[in-house]
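In the numbering used here, the protein residues as written are 1 to 601.
Idealized CB from N, CA, C, for every residue including glycine.
First the structure, in the form of structure tokens, and then the observations on it.
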Amino acid sequence: MSRAPRSAVLSVLALAAALAVPTAGPPAPARAAVHHTGDEAAVLGEDHARAHARLRRAAQGTQGYPQSRRTASLASLEESQRRANTGFDAARFGRFTQFFPSPDFGVHVALLPTGKVLLFSFERVEADPTKETGPTNTVGRTNAGRAWLWDPVAGTGARAFRNVPPPVVLMPDGTYSPRPAPFFCAGHSYLPNGMVGVFGGNVGGKGGSGAKLSFVFDPWTEKWFRNRDMAVGRWYPSVVTGADGRQIIMSGQSERGTGTPTPVVERFPALGHRVPWRPYDIPAGVPAEPLRSVAPFRNDYPHLFSLRDGMVYGLGRDADQQWIFDPVKDVRSELPRRPADFRGYGSAVPLPAGFRGPDSVLVLGGDPRDPHTYRLSGGRWTTEEPRAFGRTQDGTLILPDGTLLTVNGALDTRDYGHGPFNPKADLKYRQIEVRDARGRWRLGPAQRLPRGYHSNALVLPDGRMMVTGDELQQIANDPDIKDGMDGSIELYEPAYLHRGARPALDRAPAGDLPYDTAFQVSSSTAKDVKRAVLLAPTTVTHSVNTSQRHLDLRLTGVQGDRIGLRTPPGAADAPPGYYMLFLLDAKGVPSTAKWVKLGTP
């Protein structure tokens with residue numbers, strides 16, 4: 001975490017001590033901090049003034065929801081997790097290991113090809129978890145975004161995090177106050193050069209309204225770059241990367257506010273602008289362009305997938321809004337109605353299909369009354385094996401061995417079984433659930449915190465899973481609400497990490513790998529390797545993960561420590577960009593991954 005000058009730290013600590021003294025009368029309204037920030041800015045500067053405002057808000061939050069309650073809640077969750085997980089064998093079910101503070105809520109997360117994790121969200125306007133934490137309705141300076149990098153190699157302490165604030169913008173909200181871009185509840189996916197394209201955000205107002213913002217985060221320089229605004233505002237859009245490396249952007253509430261989802265489909269970069277390929281190909285000031293076809297989703301954050309036929313599948317939350325988009329011909333076609341009714345925020349996963357890219361999708365979650373899973377394959381729906389119970393706000397990941405794992409979840413938005421904005425949660429929503437190669441599900445150990453709305457998870461290159469998100473639960477269980485570490489991260493070790501020694505992947509090609517091409521890797525345990533797979537990195541928010549992909553690679557021979565492999569057939573099987581390459585042994589134990597890059601410019 002970045003360090004402020006010593007004088008600033010002392011002044012902030014002094015203010016925190018003063019704010020900790022009880023005062024007579026009712027607490028000042030949260031919005032008062034906005035006015036103080038403006039006055040203090042002239043004396044202290046913007047950064048210090050915002051720090052003071054955050055401390056005031058934290059102090060107000062502790063009056064309605066004291067630190068003692070947060071501390072006791074976290075201790076209770078730790079103990080209940082210990083009791084619940086006693087009977088789970090790590091070799092069969094895996095185990096949760098470390099739990100540690102984070103400076104960000106993790107509303108959005110992305111694994112970068114540097115191995116670091118990008119987390120971004122918003123500056124909170126409330127520290128009481130029984131109230132709305134984020135600035136959804138806020139107009140002006142405090143409607144702001146924030147972003148951090150976590151380096152797993154650097155550990156789990158504050159020094160493992162680095163602040164990477166978004167660009168300062170002037171929003172068309174009537175105030176035009178400069179603030180870090182409010183890009184929370186945006187949509188995002190990867191570009192072929194490993195950069196993350198982020199589209200949309202919140203202008204503010206009643207229920208929030210769509211921003212036209214367009215950015216990329218460059219993992220190589222660890223900086224944000226702004227592009228030309230989109231044609232329409234988007235609040236809760238979805239984005240997917242197609243076979244040509246361009247990003248398709250759909251849906252989201254428009255600049256007119258909640259209840260006005262836009263049907264406009266856009267593409268980034270616009271035709272006529274090259275697709276960013278090399279690390280130094282930084283799109284800045286590049287436009288998106290509207291397509292002729294439209295996507296009139298009635299509800300936001302549809303699931304989008306680019307499958308092996310090169311088509312983009314748009315699976316809406318409403319059962320009758322299931323579509324195929326041809327990004328080359330720019331046309332939309334109908335898919336059959338999904339068997340299940342309306343789905344809230346829940347998972348959808350492109351199922352692994354061996355050496356080819358995925359040709360089917362499993363839709364699950366989003367309805368606490370429906371534990372079934374639904375598969376779209378060959379243009380038809382089938383009802384698949386159910387999970388133990390229904391849940392919303394869940395995330396489902398593809399692990400390196402091809403199994404699926406569900407984590408997080410709730411009864412409804414910010415409701416864990418005891419009413420909305422109530423941090424108490426049913427234990428069942430804390431349990432993971434694993435789907436084996438036969439499609440059968442089984443419950444596993446419980447995570448520390450319940451995590452529902454705005455919760456996220458991703459697979460790290462070492463095969464562990466990172467779990468974060470849900471600002472309500474994070475501030476309700478914050479061990480120190482005044483220390484600036486608002487969030488938390490928990491790590492889970494899948495069962496394959498408890499089944500013996502791991503294969504070694506010592507070296508992989510550093511350059512671009514063309515499709516349908518032979519290449520070699522080196523391994524000191526080459527004779528034990530039975531399988532090689534590519535796993536796409538995850539960038540996810542609101543249970544929408546358009547980037548997941550799992551492919552087996554053909555093994556063409558082993559000579560000494562050299563293993564011959566062959567890349568996927570084409571870009572429709574695996575869109576160009578960075579993938580994690582894992583080697584697995586006969587027990588399904590994966591190596592630590594190496595990054596490889598598919599495709600050529």
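Through-space distance from residue j to residue i, alpha-carbon basis
{"i": "residue 358", "j": "residue 516", "result": "16 Å"}
{"i": "residue 573", "j": "residue 560", "result": "30 Å"}
{"i": "residue 277", "j": "residue 62", "result": "48 Å"}
{"i": "residue 391", "j": "residue 587", "result": "31 Å"}
{"i": "residue 607", "j": "residue 370", "result": "Since the first and last residues shown for the chain are 1 and 601, residue 607 lies out of range."}
{"i": "residue 281", "j": "residue 565", "result": "29 Å"}
{"i": "residue 254", "j": "residue 230", "result": "11 Å"}
{"i": "residue 143", "j": "residue 288", "result": "25 Å"}
{"i": "residue 592", "j": "residue 209", "result": "42 Å"}
{"i": "residue 509", "j": "residue 597", "result": "9 Å"}
{"i": "residue 536", "j": "residue 96", "result": "23 Å"}
{"i": "residue 601", "j": "residue 244", "result": "10 Å"}
{"i": "residue 599", "j": "residue 511", "result": "10 Å"}
{"i": "residue 212", "j": "residue 233", "result": "4 Å"}
{"i": "residue 466", "j": "residue 577", "result": "22 Å"}
{"i": "residue 454", "j": "residue 409", "result": "10 Å"}
{"i": "residue 107", "j": "residue 124", "result": "12 Å"}
{"i": "residue 176", "j": "residue 205", "result": "14 Å"}
{"i": "residue 43", "j": "residue 421", "result": "With a pLDDT of 43 at residue 43, under the threshold of 50, the predicted position of this residue should be treated as unreliable, though the coordinate-derived value follows. The alpha-carbon atoms of residue 43 and residue 421 are separated by roughly 38 Å."}
{"i": "residue 179", "j": "residue 91", "result": "48 Å"}
{"i": "residue 78", "j": "residue 480", "result": "16 Å"}
{"i": "residue 299", "j": "residue 319", "result": "11 Å"}
{"i": "residue 567", "j": "residue 581", "result": "11 Å"}
{"i": "residue 507", "j": "residue 520", "result": "9 Å"}
{"i": "residue 492", "j": "residue 94", "result": "7 Å"}
{"i": "residue 532", "j": "residue 283", "result": "33 Å"}
{"i": "residue 250", "j": "residue 349", "result": "18 Å"}
{"i": "residue 40", "j": "residue 456", "result": "Confidence at residue 40 is low in this model, with a pLDDT of 40, below 50, so its placement is unreliable and the value that follows should be read with caution. If you take the alpha carbons of residue 40 and residue 456, they lie about 36 Å apart."}
{"i": "residue 242", "j": "residue 346", "result": "22 Å"}
Unbroken alpha helix (DSSP H) run spanning residue i, endpoints
{"i": "residue 93", "result": "90 to 93"}
{"i": "residue 75", "result": "67 to 84"}
{"i": "residue 474", "result": "471 to 476"}
Nearest residue (CA-CA) to residue i, options the options
{"i": "residue 475", "options": "486, 322, 110 and 569", "result": "486"}
{"i": "residue 134", "options": "249, 351 and 202", "result": "202"}
{"i": "residue 583", "options": "428, 400, 424 and 571", "result": "400"}
{"i": "residue 158", "options": "199, 104, 184 and 167", "result": "104"}
{"i": "residue 329", "options": "322, 312 and 307", "result": "312"}
{"i": "residue 402", "options": "439, 206, 417 and 374", "result": "439"}
{"i": "residue 303", "options": "421, 343, 442 and 283", "result": "343"}
{"i": "residue 235", "options": "182, 227, 271 and 275", "result": "182"}
{"i": "residue 305", "options": "189, 446 and 218", "result": "189"}
{"i": "residue 353", "options": "275, 377 and 163", "result": "377"}
{"i": "residue 525", "options": "540, 503 and 534", "result": "503"}
{"i": "residue 518", "options": "562, 501 and 500", "result": "562"}
Opposing strand residues paired with residue i [DSSP bridges]
{"i": "residue 385", "result": "Partner(s): none; residue 385 has no beta bridge."}
{"i": "residue 350", "result": "361"}
{"i": "residue 264", "result": "294"}
{"i": "residue 277", "result": "Paired residues: none, contrary to the question."}
{"i": "residue 126", "result": "For residue 126, which the question treats as bridged, DSSP gives no partner whatsoever."}
Span of the beta strand (DSSP E), counted from its first residue to its last, around residue i
{"i": "residue 220", "result": "Note, residue 220: premise wrong, no beta strand (DSSP E); not H, not E."}
{"i": "residue 456", "result": "455 to 459"}
{"i": "residue 241", "result": "238 to 241"}
{"i": "residue 550", "result": "550 to 559"}
{"i": "residue 542", "result": "Element bounds for residue 542: n/a, residue is neither H nor E."}
{"i": "residue 445", "result": "441 to 446"}
{"i": "residue 481", "result": "Residue 481 -> no beta strand (DSSP E), and no H or E assigned at all."}
{"i": "residue 115", "result": "Looking at the DSSP string, residue 115 is not in any beta strand (DSSP E), and its letter there is neither H nor E."}
{"i": "residue 171", "result": "It is not in any beta strand (DSSP E) - residue 171 carries neither H nor E in the DSSP assignment."}
{"i": "residue 520", "result": "518 to 522"}
{"i": "residue 312", "result": "312 to 315"}
{"i": "residue 397", "result": "395 to 398"}
{"i": "residue 178", "result": "178 to 180"}
{"i": "residue 431", "result": "431 to 435"}
For residue j and residue i, believed in contact at Cβ under 8 Å, the rounded distance
{"i": "residue 195", "j": "residue 216", "result": "5 Å"}
{"i": "residue 239", "j": "residue 199", "result": "6 Å"}
{"i": "residue 76", "j": "residue 427", "result": "Between residue 427 and residue 76 the Cβ distance is about 11 Å, and since that is not below 8 Å, they are no contact."}
{"i": "residue 115", "j": "residue 461", "result": "6 Å"}
{"i": "residue 543", "j": "residue 365", "result": "7 Å"}
{"i": "residue 161", "j": "residue 102", "result": "7 Å"}
{"i": "residue 472", "j": "residue 430", "result": "Actually they are not in contact, since the Cβ atoms of residue 472 and residue 430 sit about 14 Å apart, beyond 8 Å."}
{"i": "residue 628", "j": "residue 404", "result": "Residue 628 cannot be examined here, being either before or after the span of the chain that is shown, 1 to 601."}
{"i": "residue 355", "j": "residue 191", "result": "Actually they are not in contact, since the Cβ atoms of residue 355 and residue 191 sit about 25 Å apart, beyond 8 Å."}
Any C-beta of chain D under 8 Å from that of residue i
{"i": "residue 129", "result": "Absent from the structure: chain D. Only one protein chain is present."}
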